[in-house]
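Peer 1: Input: one structure, supplied below.
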Amino acid sequence: LFSSAPTRHDPAFRDAPANTLVHPYDLAYPGTLPSLSLAAVRASILSAAALNCDVHRCSRFERKHYFYPDLPHGYQITQQRWPLASDGLVTFMPHFNQKVKPKKGKKKKRRRGRVESEQDDSQHESGEDAWNDGQEAEFEPRPVELRIERVQMEQDTGKTTTHNLADDDRTATESRIDYNRAGCALIEIVSHPDLRSAHEAAGVVEKIRKLLKQVGSCDGRMEEGSLRCDLNVSVAPIDDGERPPPSSREELPLGTGERV
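Under my numbering, the first residue of the sequence shown carries the number -10, and numbering increases by one thereafter.
Here it is, written out as C-alpha coordinates:
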(Lines of atoms letter the chains of each structure in order from A and count residues from 1; the text may use other names and numbers.)
(Lines give C-alpha, C1' and ligand atoms only; values in the text may rest on other atoms or scores of the structure.)
Protein backbone atom coordinates (compact mmCIF):
# COMPACT_ATOMS: atom_id res chain seq x y z
CA LEU A 1 0.00 0.00 0.00
CA PHE A 2 2.88 2.41 0.78
CA SER A 3 5.79 0.84 -1.12
CA SER A 4 6.79 -0.38 -4.58
CA ALA A 5 7.34 -4.02 -3.59
CA PRO A 6 5.64 -6.57 -5.92
CA THR A 7 3.13 -9.11 -4.61
CA ARG A 8 2.44 -12.77 -5.23
CA HIS A 9 -0.84 -11.84 -6.86
CA ASP A 10 1.24 -10.70 -9.84
CA PRO A 11 1.62 -13.74 -12.16
CA ALA A 12 5.32 -12.96 -12.59
CA PHE A 13 5.94 -13.38 -8.83
CA ARG A 14 3.38 -16.06 -7.94
CA ASP A 15 6.06 -18.67 -7.12
CA ALA A 16 8.44 -16.30 -5.34
CA PRO A 17 10.25 -17.76 -2.29
CA ALA A 18 9.50 -16.52 1.20
CA ASN A 19 10.82 -13.08 2.23
CA THR A 20 11.91 -12.08 -1.28
CA LEU A 21 9.10 -9.61 -2.14
CA VAL A 22 9.88 -7.15 0.63
CA HIS A 23 10.61 -3.44 0.91
CA PRO A 24 12.48 -1.61 3.69
CA TYR A 25 9.38 0.43 4.58
CA ASP A 26 7.19 -2.66 4.91
CA LEU A 27 9.75 -4.11 7.35
CA ALA A 28 9.69 -0.87 9.41
CA TYR A 29 13.31 0.06 8.73
CA PRO A 30 14.19 3.41 10.37
CA GLY A 31 14.37 6.34 7.97
CA THR A 32 12.05 4.89 5.31
CA LEU A 33 9.09 6.97 4.14
CA PRO A 34 5.69 5.83 2.79
CA SER A 35 4.51 6.47 -0.76
CA LEU A 36 0.81 5.82 -1.39
CA SER A 37 0.13 3.47 -4.30
CA LEU A 38 -2.13 5.08 -6.91
CA ALA A 39 -3.00 1.65 -8.29
CA ALA A 40 -4.35 0.62 -4.88
CA VAL A 41 -6.46 3.79 -4.64
CA ARG A 42 -7.86 3.25 -8.13
CA ALA A 43 -8.74 -0.39 -7.39
CA SER A 44 -10.45 0.64 -4.15
CA ILE A 45 -12.55 3.29 -5.89
CA LEU A 46 -13.60 0.83 -8.61
CA SER A 47 -14.57 -1.71 -5.95
CA ALA A 48 -16.61 0.87 -4.05
CA ALA A 49 -18.41 1.90 -7.23
CA ALA A 50 -19.21 -1.75 -8.04
CA LEU A 51 -20.84 -2.06 -4.60
CA ASN A 52 -22.95 1.09 -5.16
CA CYS A 53 -21.11 3.02 -2.43
CA ASP A 54 -20.74 6.76 -2.01
CA VAL A 55 -17.06 7.60 -2.56
CA HIS A 56 -15.90 10.37 -0.22
CA ARG A 57 -13.85 13.26 -1.53
CA CYS A 58 -11.78 13.18 1.66
CA SER A 59 -10.63 10.08 3.58
CA ARG A 60 -7.89 9.58 6.18
CA PHE A 61 -5.56 6.87 7.41
CA GLU A 62 -5.17 5.95 11.06
CA ARG A 63 -3.11 3.53 13.11
CA LYS A 64 -4.49 0.49 14.94
CA HIS A 65 -1.84 -0.44 17.48
CA TYR A 66 -1.26 -4.04 18.50
CA PHE A 67 1.81 -6.25 18.70
CA TYR A 68 2.23 -9.45 16.74
CA PRO A 69 5.36 -11.00 15.19
CA ASP A 70 4.02 -10.78 11.63
CA LEU A 71 3.32 -7.04 12.01
CA PRO A 72 6.73 -5.32 11.72
CA HIS A 73 5.54 -1.78 12.51
CA GLY A 74 3.68 -2.71 15.67
CA TYR A 75 0.54 -1.11 14.21
CA GLN A 76 -1.75 -1.50 11.20
CA ILE A 77 -2.72 1.42 8.98
CA THR A 78 -6.47 1.42 8.27
CA GLN A 79 -9.45 3.77 7.67
CA GLN A 80 -12.06 2.75 10.21
CA ARG A 81 -13.34 6.23 11.12
CA TRP A 82 -12.70 8.04 7.82
CA PRO A 83 -13.21 5.37 5.12
CA LEU A 84 -12.83 5.74 1.39
CA ALA A 85 -16.51 5.01 0.72
CA SER A 86 -19.69 4.07 2.57
CA ASP A 87 -23.45 3.36 2.28
CA GLY A 88 -23.46 0.71 -0.44
CA LEU A 89 -25.93 -1.99 -1.42
CA VAL A 90 -25.50 -5.45 -2.98
CA THR A 91 -28.38 -7.53 -4.32
CA PHE A 92 -27.70 -11.25 -4.69
CA MET A 93 -29.26 -14.70 -4.73
CA PRO A 94 -28.60 -17.20 -1.92
CA HIS A 95 -26.19 -19.96 -2.85
CA PHE A 96 -27.18 -23.64 -2.91
CA ASN A 97 -24.76 -26.48 -3.59
CA GLN A 98 -27.51 -28.35 -5.37
CA LYS A 99 -31.21 -27.99 -6.00
CA VAL A 100 -32.99 -28.99 -2.83
CA LYS A 101 -36.02 -30.94 -3.90
CA PRO A 102 -36.56 -34.20 -2.01
CA LYS A 103 -37.95 -37.09 -3.96
CA LYS A 104 -41.58 -37.85 -3.35
CA GLY A 105 -42.41 -41.17 -1.76
CA LYS A 106 -43.40 -43.97 -4.08
CA LYS A 107 -46.25 -46.28 -3.38
CA LYS A 108 -45.01 -49.53 -1.90
CA LYS A 109 -45.61 -52.73 -3.84
CA ARG A 110 -47.00 -55.85 -2.28
CA ARG A 111 -44.50 -58.62 -1.79
CA ARG A 112 -44.96 -62.25 -0.94
CA GLY A 113 -44.78 -62.88 2.78
CA ARG A 114 -45.30 -59.17 3.64
CA VAL A 115 -48.68 -57.88 4.71
CA GLU A 116 -49.27 -54.17 4.31
CA SER A 117 -52.54 -52.35 4.20
CA GLU A 118 -53.41 -49.87 1.48
CA GLN A 119 -54.48 -47.50 4.21
CA ASP A 120 -50.98 -47.42 5.75
CA ASP A 121 -49.45 -46.80 2.32
CA SER A 122 -51.77 -43.88 1.60
CA GLN A 123 -51.10 -42.29 5.00
CA HIS A 124 -47.33 -42.64 4.56
CA GLU A 125 -47.43 -41.12 1.09
CA SER A 126 -49.63 -38.18 2.04
CA GLY A 127 -47.45 -37.38 5.05
CA GLU A 128 -44.27 -37.48 2.95
CA ASP A 129 -45.85 -35.22 0.31
CA ALA A 130 -46.63 -32.67 3.01
CA TRP A 131 -43.03 -32.81 4.21
CA ASN A 132 -41.83 -32.28 0.62
CA ASP A 133 -44.06 -29.27 0.15
CA GLY A 134 -42.69 -27.71 3.34
CA GLN A 135 -39.09 -28.31 2.32
CA GLU A 136 -39.56 -26.84 -1.16
CA ALA A 137 -41.18 -23.73 0.30
CA GLU A 138 -38.38 -23.34 2.86
CA PHE A 139 -35.56 -23.50 0.28
CA GLU A 140 -37.18 -21.31 -2.35
CA PRO A 141 -34.43 -18.81 -3.37
CA ARG A 142 -35.30 -15.12 -3.39
CA PRO A 143 -33.17 -12.00 -3.98
CA VAL A 144 -31.50 -10.64 -0.85
CA GLU A 145 -30.11 -7.17 -0.19
CA LEU A 146 -26.96 -6.56 1.88
CA ARG A 147 -26.14 -3.05 3.06
CA ILE A 148 -22.47 -2.09 2.87
CA GLU A 149 -21.37 0.05 5.81
CA ARG A 150 -17.97 1.11 4.48
CA VAL A 151 -15.12 0.30 2.10
CA GLN A 152 -11.65 1.09 3.42
CA MET A 153 -8.00 0.58 2.54
CA GLU A 154 -5.55 -0.99 4.96
CA GLN A 155 -2.27 -2.86 5.18
CA ASP A 156 -1.97 -6.64 5.22
CA THR A 157 0.20 -8.51 7.70
CA GLY A 158 2.82 -11.21 7.21
CA LYS A 159 2.03 -14.91 7.28
CA THR A 160 2.99 -17.08 10.26
CA THR A 161 3.22 -20.87 9.86
CA THR A 162 4.04 -23.55 12.43
CA HIS A 163 6.38 -26.43 11.61
CA ASN A 164 7.36 -29.58 13.50
CA LEU A 165 11.05 -29.90 14.35
CA ALA A 166 10.85 -33.69 14.47
CA ASP A 167 8.51 -36.15 12.80
CA ASP A 168 8.13 -38.26 15.94
CA ASP A 169 7.63 -35.34 18.34
CA ARG A 170 4.74 -32.99 17.60
CA THR A 171 5.33 -30.93 20.72
CA ALA A 172 8.63 -29.54 19.37
CA THR A 173 7.58 -26.83 16.92
CA GLU A 174 8.84 -23.53 15.55
CA SER A 175 7.06 -20.57 13.96
CA ARG A 176 8.26 -19.12 10.68
CA ILE A 177 7.21 -15.75 9.28
CA ASP A 178 6.92 -14.85 5.61
CA TYR A 179 6.85 -11.07 5.08
CA ASN A 180 6.08 -11.21 1.36
CA ARG A 181 2.52 -9.98 1.89
CA ALA A 182 3.34 -7.59 4.77
CA GLY A 183 2.23 -4.10 3.78
CA CYS A 184 0.18 -5.26 0.79
CA ALA A 185 -2.89 -3.17 0.03
CA LEU A 186 -6.17 -4.61 1.31
CA ILE A 187 -9.66 -3.48 0.34
CA GLU A 188 -11.82 -4.20 3.37
CA ILE A 189 -15.59 -4.36 2.84
CA VAL A 190 -17.64 -4.06 6.03
CA SER A 191 -21.35 -4.83 5.86
CA HIS A 192 -24.34 -4.44 8.15
CA PRO A 193 -25.76 -7.53 9.97
CA ASP A 194 -28.30 -8.33 7.24
CA LEU A 195 -27.45 -11.99 6.58
CA ARG A 196 -29.69 -14.63 8.14
CA SER A 197 -28.37 -17.97 6.86
CA ALA A 198 -25.28 -19.75 5.60
CA HIS A 199 -26.82 -19.83 2.10
CA GLU A 200 -26.99 -16.02 2.08
CA ALA A 201 -23.40 -15.72 3.33
CA ALA A 202 -22.10 -17.97 0.56
CA GLY A 203 -24.24 -16.18 -2.03
CA VAL A 204 -23.01 -12.68 -1.19
CA VAL A 205 -19.36 -13.81 -1.15
CA GLU A 206 -19.76 -15.25 -4.64
CA LYS A 207 -21.56 -12.07 -5.80
CA ILE A 208 -18.83 -9.76 -4.45
CA ARG A 209 -16.17 -12.02 -5.95
CA LYS A 210 -17.75 -11.66 -9.41
CA LEU A 211 -18.09 -7.88 -9.06
CA LEU A 212 -14.45 -7.42 -8.04
CA LYS A 213 -13.25 -9.63 -10.89
CA GLN A 214 -15.40 -7.66 -13.34
CA VAL A 215 -13.89 -4.28 -12.40
CA GLY A 216 -10.38 -5.78 -12.29
CA SER A 217 -9.56 -5.03 -8.65
CA CYS A 218 -9.19 -8.70 -7.63
CA ASP A 219 -8.53 -11.98 -9.44
CA GLY A 220 -10.86 -13.82 -7.06
CA ARG A 221 -8.41 -16.64 -6.22
CA MET A 222 -9.66 -17.38 -2.73
CA GLU A 223 -7.41 -20.42 -2.39
CA GLU A 224 -4.38 -18.10 -2.77
CA GLY A 225 -5.64 -15.49 -0.32
CA SER A 226 -6.64 -12.89 -2.93
CA LEU A 227 -10.10 -12.77 -1.37
CA ARG A 228 -10.69 -13.57 2.29
CA CYS A 229 -13.77 -13.51 4.49
CA ASP A 230 -14.31 -12.97 8.23
CA LEU A 231 -17.77 -13.67 9.62
CA ASN A 232 -19.20 -12.32 12.86
CA VAL A 233 -21.85 -14.87 13.81
CA SER A 234 -24.41 -14.06 16.52
CA VAL A 235 -25.08 -16.99 18.85
CA ALA A 236 -27.72 -15.19 20.92
CA PRO A 237 -31.36 -16.28 20.72
CA ILE A 238 -33.76 -13.98 18.91
CA ASP A 239 -36.04 -12.33 21.46
CA ASP A 240 -38.81 -9.98 20.31
CA GLY A 241 -36.69 -8.69 17.45
CA GLU A 242 -34.21 -7.00 19.76
CA ARG A 243 -30.59 -6.73 18.74
CA PRO A 244 -28.37 -9.34 20.45
CA PRO A 245 -25.80 -8.01 22.92
CA PRO A 246 -22.24 -7.52 21.59
CA SER A 247 -20.89 -10.25 23.88
CA SER A 248 -22.93 -12.89 22.03
CA ARG A 249 -20.96 -12.80 18.78
CA GLU A 250 -18.34 -15.16 17.48
CA GLU A 251 -15.81 -14.25 14.78
CA LEU A 252 -14.98 -16.96 12.26
CA PRO A 253 -12.05 -16.27 9.89
CA LEU A 254 -12.89 -18.18 6.72
CA GLY A 255 -10.69 -18.42 3.70
CA THR A 256 -12.39 -20.14 0.79
CA GLY A 257 -15.88 -20.13 -0.67
CA GLU A 258 -16.38 -23.81 0.19
CA ARG A 259 -15.73 -23.11 3.89
CA VAL A 260 -18.25 -20.25 3.82
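No residue lacks a Cβ here, since even glycine has one placed at the ideal position from N, Cα and C. Computed from a predicted structure; not experimentally measured.
Comparing C-alpha positions only, which one of 9, 147, 220 sits nearest to residue 186?
Peer 2: Position 197 of the sequence shown, counted from the start, is the residue given in the question as residue 186. It is 220.
Peer 1: Apply the 10 Å Cβ neighbour rule to residue 126 and answer buried if 16 or more other Cβ atoms are within range, or exposed otherwise.
Peer 2: Sequence index remark: in the sequence shown, residue 126 carries index 137 (1-based). At residue 126 the pLDDT is 44, less than 50, meaning the model places this residue with poor confidence and gives no usable figure here.
Peer 1: Do you know whose CA, among 147, 81, 133, 199, lies nearest residue 56's CA?
Peer 2: Counted from its first residue, the sequence shown places residue 56 at position 67. Residue 147 is the option with its Cα nearest to residue 56.
Peer 1: Per DSSP, which residues does residue 158 bridge with? Please list them.
Peer 2: Sequence index remark: in the sequence shown, residue 158 carries index 169 (1-based). In the DSSP output, where bridge partners are listed per residue, residue 158 has 155.
Peer 1: Using the three-state DSSP reduction, which class does residue 2 fall into: helix, strand or coil?
Peer 2: Here residue 2 refers to the residue found at position 13 when the sequence shown is read from its first residue. The answer is helix: DSSP assigns residue 2 an H, G or I state.
Peer 1: Starting from residue 139, follow its DSSP beta bridges and name the residues at the other end.
Peer 2: To locate residue 139, count along the sequence shown from 1; it is residue 150. Note: residue 139 sits in a beta bridge opposite 75, 179.
Peer 1: Judging by CA-CA distance, which residue of 208, 195, 138 is the nearest neighbour of residue 70?
Peer 2: Within the sequence shown, numbered from 1, the residue matching residue 70 stands at position 81. Among 208, 195, 138, the Cα nearest to that of residue 70 is on 138.
Peer 1: With 16 other CB atoms within 10 Å as the buried threshold, where does residue 153 fall?
Peer 2: Stepping through the sequence shown from its first residue, residue 153 is reached at position 164. Result: exposed.
Peer 1: In terms of residues, what are the limits of the alpha helix (DSSP H) holding residue 31?
Peer 2: On the sequence shown, position 42 is the one that residue 31 refers to. Residues 27 to 39.
Peer 1: Kindly indicate which residue of 166, 35, 224 has the alpha-carbon position closest to the one of residue 253.
Peer 2: Outside the displayed range of the chain (-10 to 249) lies residue 253, so it cannot be described from this structure.
Peer 1: Express the C-alpha separation of residue 14 and residue 226 in angstroms, rounding to a whole number.
Peer 2: Locating residue 226 in the sequence shown gives position 237, counting from the first residue. Locating residue 14 in the sequence shown gives position 25, counting from the first residue. Spanning the two alpha carbons is a distance of roughly 47 Å.
Peer 1: Which residue or residues does DSSP assign as beta-bridge partners of residue 18?
Peer 2: Here residue 18 is taken as the residue at index 29 of the sequence shown, counted from 1. According to DSSP, which records beta bridges pairwise, residue 18 is partnered with nothing at all.
Peer 1: By how many angstroms is the C-alpha of residue 84 removed from the C-alpha of residue 133?
Peer 2: Residue 133 sits at position 144 when you count from the first residue of the sequence shown. Residue 84 sits at position 95 when you count from the first residue of the sequence shown. Whole-angstrom Cα-Cα distance: 11 Å.
Peer 1: Tell me which residues share the same chain as residue 23 and place their Cβ nearer than 7 Å to its Cβ, disregarding the 5 neighbours each side in the sequence.
Peer 2: To locate residue 23, count along the sequence shown from 1; it is residue 34. Result list for residue 23: -9, 14, in chain order.
Peer 1: Can you tell me whether DSSP reads residue 144 as helix, strand or coil?
Peer 2: The residue labelled residue 144 in the question sits at position 155 within the sequence shown. Note: residue 144 maps to strand in three-state DSSP.
Peer 1: Nearest to residue 42 by CA position, among 180, 199, 191, is which residue?
Peer 2: Here the question's residue 42 lines up with position 53 in the sequence shown. Ranking the options by Cα distance to residue 42, first place goes to 180.
Peer 1: Buried or exposed for residue 224, going by 16 or more other Cβ atoms inside 10 Å?
Peer 2: Position 235 of the sequence shown, counted from the start, is the residue given in the question as residue 224. Its Cβ having fewer than 16 others within 10 Å, residue 224 is exposed.
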